[in-house]
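Here's the structure we're looking at; comments come further down.
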Amino acid sequence: MKFLELRGKSLIAVILMTSGLDFLLFGYDQGLFGGILGGQRFKDTLGNPSPTMTGLVTAIYDIGCALGAVFAFVFGEKIGRKRSIILANLIVIVGAAIQTASFEYWQMFVSRIIGGVGVGLSTVAVPILQSETLPAHNRGALLVVQSALIIVGVAVASWLCFATLYADSSLQWRFPVACQILFSMIVLCLCPFLCETPRWLAQRGKIVEAKHTISRLLDKPLDDPEVVGQLREILASIEAETNEEEPTWSEVFSNATKTRNLHRVILGMGPYMMNQWSGINALCYYLAYIFQQYLGYSPSMSLILASVAFSQYSLCSFPPYFYIDKIGRRWSVMGSSAGCAVCMAVIAGCLAVNSFASAAAAVAFMFIYLDCFTLGILPVSWSYSAEIQPLRVRNKATAVGVFSHWMSNFIVVMVTPIGLDAIQGHYFWVWAIVCASFVPLTYFFGVETSGRTLEQIDAMFYEQPRICMGLNAENRRVVRASKSDEEERYRNFASENKGGVVEEKVLQVD
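Going by the numbering used here, 338 is the number at position 268 of the sequence shown; the sequence numbering is gapless.
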């Protein structure tokens, strides 16, 4: 239907809105249990669980998310990016409805897994949808909006849990849990206006539809040189990877191909792993719980402090919009990691001293840690893998990265109550050391994707492959391309790259 076929800025805006709300739901789920765990009515419903059982019911959601990533690995390439998002949100609605109606521990346990499957599937599909549709010259800045809304979701969950803390019924926790349904319903209402990505369409042999989608995204006529040039580049990339069969498990984990799939899978997993092994969810899931159990604050003061921290956290998630494409992904991660390491070390040192002043200092550096994390590690982690993976295995390779993210998340969330109970503040020394290790790892192994099209990123691995890709100066260079530079590049590609199989396919469309 024509009225659903948005073009240009309107279509990009809907892509950003849908992706952003999907990730806002993801953030909301991260902040939800940290806010309701301190409520006595919720504890009574679960049977007043021990720290281990508390960690399990909170972390089992991440196992569900990991299963969602596995589903994306197996079926995501077949059903496409758009339908994956629709299916994911339908699953979330089912899981959230059962959570809302839960009356005992194991019912909540199972429904958390179901909801997690939906979120895991969407966290594979959404980054790929955006990386394959957003313009290269400011793709990083636009992706910041997505990651920023994760933190907005955390803040919304925390404030809403505080608002219902003193409700004189199970509304205290059922209402915040039920709000997951609202976010997914809004996403589903926006999905009819989304387009499937031109790269997925071209990969499936739907060249006419791919060209039409490029025309919509650029808001240019079908015969415009920029539309033709972008289609040629996509087809040339597909031709370089040509293989009529579906990619196999072994192909995803092999370096035998020109595209160096295994190398790029491991490199793509890096930021996902950094996201979790920075210790962020030791705080996001349990900040109010830590304030209450280990720093002696009341339930209401704990939720207020956590809500203020997450609100500040969400505000600090937007500045990368202005610099991530200028200084690049690598420097954003290295600066962020160094700041996180310092903050975790100070928190551990402060909690080793049992005094009011040291507790106040620990709270302050928890606030600063959240800011450091969101200024670099967060926005890069949710875009990098989808950017560097080859088209043929992009869905499967991204699913592997997302699976590693959620399994790491499960471990962190599961062991945090146990670790805090066993070694108190010394638990944070672990995160300080791990965060510090991210700086050399990023410098030696990371490639810079800022300003490059997905096909230009492919070329880095084709031309000069090596394990320590970061030691090549060209791979570290930040490309500062403008919209006009990007348009000129595609027009040149349209006129210069003719002949062969790619030309035949373009002529068939014309």
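The beta-carbon is built from N, C-alpha and C at its ideal position, and this holds for glycine as well.
- [ ] Pull up the distance between the alpha-carbon of Q300 and that of D528, whole angstroms please.
- [x] 15 Å
Task: Delimiting residues of the alpha helix (DSSP H) encompassing S254 - done: L241 to L260
Task: Closest by C-alpha distance to R111, when choosing among P510, R77, P369 and L448 - done: P369
TODO: With DSSP as the reference, label Q534 as helix, strand or coil.
DONE: coil
Open item on the list: Going by DSSP, what residue range makes up the alpha helix (DSSP H) through Q38?
Closed with: An answer regarding residue 38 cannot be provided, because it is not within the stretch 71 to 580 covered by the chain.
Task: Given A492 as reference, the closest of F93, P121 and L86 once Cα atoms are compared - done: P121
Open item on the list: I'd like the ranges of any alpha helix (DSSP H) spanning at least 4 consecutive residues and lying wholly in the segment 492 to 546.
Closed with: 497 to 515, 524 to 533 and 543 to 546
TODO: Note down, in chain order, each residue of its chain lying with its Cβ closer than 6 Å to the Cβ of R400, except the 5 sequence neighbours on either side.
DONE: Residues T512, G516 and E518 of the same chain have their beta carbon placed closer than 6 Å to that of R400, with the five preceding and five following residues left out of the count.
- [ ] Assuming S254 contacts I163 (C-beta within less than 8 Å), just tell me the rounded distance between them.
- [x] 5 Å
TODO: To the nearest angstrom, report how far apart S585 and A352 are at their CA atoms.
DONE: Since the first residue of the chain shown is 71 and the last is 580, residue 585 is not available in this structure.
- [ ] Closer than 7 Å by C-beta to V84: which residues in its own chain qualify, once you throw out the five before and the five after it? Chain order, please.
- [x] Contacts found: L76, L260, F263 and L264.
Open item on the list: Can you tell me whether W613 is buried or exposed? The criterion is at least 16 other CB atoms within 10 Å of its CB, across all chains shown.
Closed with: Absent from the structure is residue 613, since the part of the chain shown begins at 71 and ends at 580.
Open item on the list: Just to confirm my understanding: we take E202, look at its own chain, exclude 5 residues before and 5 after, and list those with CB closer than 6 Å. What are they?
Closed with: If we look at E202 and ignore the five residues flanking it on each side, its Cβ neighbours are T267 and R269.
Open item on the list: Would the segment 214 to 224 count as touching the segment 152 to 167 if we require 3 or more Cβ pairs under 8 Å?
Closed with: no
Open item on the list: Counting C-beta neighbours from all protein chains within 10 Å, is the total for A280 16 or more, i.e. buried, or is it exposed?
Closed with: buried
Open item on the list: I'd like to know whether the C-beta atoms of Q273 and I308 end up nearer to each other than 8 Å.
Closed with: yes
Task: Local conformation of G636 per DSSP, three classes - done: The structure shown does not extend to residue 636, since the chain is modelled only from 71 to 580, so the question has no answer here.
Task: Residue nearest to A418 in terms of C-alpha spacing, selected from D114, F232, G109 and G495 - done: The residue among D114, F232, G109 and G495 with its C-alpha nearest the C-alpha of A418 is G495.
- [ ] Taking A136 as part of the alpha helix (DSSP H), name the residues at either end of that continuous run.
- [x] P121 to F141
Open item on the list: DSSP three-state label for P369, please.
Closed with: Note: P369 maps to helix in three-state DSSP.
Task: Close beta carbons around G446, own chain, < 6 Å, minus the five adjacent residues each side - done: S402, V403, G405 and S406
Task: L86 versus R561 - alpha carbon distance - done: 26 Å
TODO: Rank S425, L448, L373 and R334 by C-alpha distance to the C-alpha of P390 and give the top, closest one.
DONE: L448
Task: Range of the contiguous alpha helix (DSSP H) that encloses Y342 - done: N331 to W347
Open item on the list: What does the alpha-carbon distance come out to for the pair V196 and V423?
Closed with: So the alpha carbons of these two residues sit roughly 44 Å apart.
Task: C-alpha gap between P460 and G471, whole angstroms - done: 14 Å
TODO: Helix, strand or coil for T115, going by three-state DSSP, please let me know.
DONE: helix
Open item on the list: For the structure I just gave you, are there three or more beta carbon pairs, one from the segment 407 to 415 and one from the segment 372 to 382, closer than 8 Å?
Closed with: no
TODO: Sort V450, N545, W229 and L385 by Cα distance to G210 and report the nearest one.
DONE: V450
Open item on the list: Using CA atoms only, rank isn't needed, just tell me which of S154, I183 and I155 is closest to I168.
Closed with: Checked all of S154, I183 and I155; the closest Cα to I168 is I183.
- [ ] Taking all protein chains shown into account, decide if A171 is buried (16 or more other Cβ within 10 angstroms of its Cβ) or exposed.
- [x] Flag for A171 reads exposed.
Open item on the list: Let me check understanding here. Comparing Cα to Cα, which of N159, R330 and L305 lies closest to R536?
Closed with: R330
TODO: Evaluate contact between the segment 229 to 238 and the segment 174 to 193, counting only Cβ atoms and requiring at least three cross-stretch pairs below 8 Å.
DONE: no
Open item on the list: Under 8 Å: do the segment 477 to 487 and the segment 123 to 139 share three or more Cβ pairs, one atom per stretch?
Closed with: yes
Open item on the list: So, under 8 Å CB-CB, F143 and K466 are touching, yes? Tell me the CB distance rounded to an integer number of Å.
Closed with: 5 Å
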